[in-house]
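Residue numbers (this note's numbering): 17 to 385.
Using N, Cα and C, we set each Cβ at its ideal position, and we do this for glycine too.
These numbers were taken from a predicted model, which means no experiment stands behind them.
Quick notes on the structure that follows.
Below you can see the structure in the form of structure tokens.
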């Protein structure tokens, strides 16, 4: 029988698990995201996993981009030969105008070059604008194998299937393409250094039914619902999935959850960091690992009490913030600056568990947002 621990009870203690560092879009804090240069730098800075977001081309090739719309992450607007392909599409219920990967062949995409997505915050990264291609997932897997040999450690990949309902409706389903390449690279095994993640539920269930043998992770959000729930008018919201009962349901088809970090420790009304919810312990009770997103070093992304100046692009107390989060028992975290997270993990191990109390009402208030 499922029981609910009182929010003011002492925190539950689970065996400490080795936390992994996941290079979010590679080393997105130092290089334009989703480029081979970004992934390689993440690995060299100590990341255990490199995280590609997967979208697909018109000729069915999986490529690494944050979204199917690529106007903000490439120089496509500077290519007059592609001007006529700018269009508006409904992407998960939102009208988006730009250029979409599914309207281009791989050869056409290879004529483009990546640019920094957040130039106002990460002006340093703009030094590398125009220097790197859009990589395929296969190219990333080849890089993973090369770096694993060179660095003498087993690097992992953490692919996300982006907007699977959107691509399925376009006749370019992501699932069979992902499964085929994982099989081909002998990575579709339970012990492979692979996590497959998605914000949708149906997508992960269908992958499992189709033969996915690697670990998978249900991504969560502080509000809203998976788009497959929205599209069909039935299914769980993210709040539903984040309850103890919802997490037990997730454990039937996945091995972990990837929540927004504010679902782990929310912020107070004044922007300072609050107290942890019960989400980590609830997920561990369900047998799930917890890998929240996204940790970044700039003041712009940090709680007010971890900022160091009024300049949004300046680095704040990012190591301290990550140590605070790691003390909640996280099994890993998504980070734009892997070297910072490696240091935070080492310092967390050295200081031991912090024994966070759980503030009354914190979990329910957070999950209702």
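- In the assembly as shown, residue 307 is a buried residue. Its beta-carbon has 16 or more other beta-carbons within 10 Å.
- Residue 164: member of the alpha helix (DSSP H) spanning 153–167, first to last residue.
- Within the same chain, Cβ atoms closer than 7 Å to the Cβ of residue 57 are found at 42, 43, 46 and 47, the five residues on either side in sequence being excluded.
- The beta-carbon separation of residue 230 and residue 217, rounded to 17 Å, does not stay under the 8 Å limit for a contact.
- Take residue 318, set aside five residues on each side of it, and the residues of its chain with a beta-carbon closer than 8 Å to its own are 312, 332, 333, 334 and 337, in chain order.
- The Cβ atoms of residue 172 and residue 64 sit closer than 8 Å to each other.
- Counting only runs of at least 4 residues, the segment 21–95 fully encloses the following alpha helix (DSSP H) elements, listed from N- to C-terminal order: 52–60.
- Boundaries of the alpha helix (DSSP H) around residue 295: 295–301.
- Taking the C-beta atoms as reference points, residue 167 is found nearer than 8 Å to residue 59.
- The closest CA to that of residue 124, considering only 90, 142 and 110, is found on 90.
- Between residue 66 and the set 127, 187, 356 and 350, the nearest pair of CA atoms involves 350.
- With 16 or more other CB atoms across the displayed protein chains lying within 10 angstroms of its CB, residue 276 is buried.
- Residue pairing by DSSP puts residue 211 in a beta bridge opposite 231.
- When DSSP states are grouped into helix, strand and coil, residue 119 belongs to the helix group.
- Contact annotation: residue 246 and residue 87 have beta-carbon atoms that are not nearer than 8 Å.
- Where residue 182 is concerned, the enclosing alpha helix (DSSP H) starts and stops at 180–185.
- DSSP places residue 262 in no beta strand (DSSP E) but in the uninterrupted alpha helix (DSSP H) bounded by 260–266.
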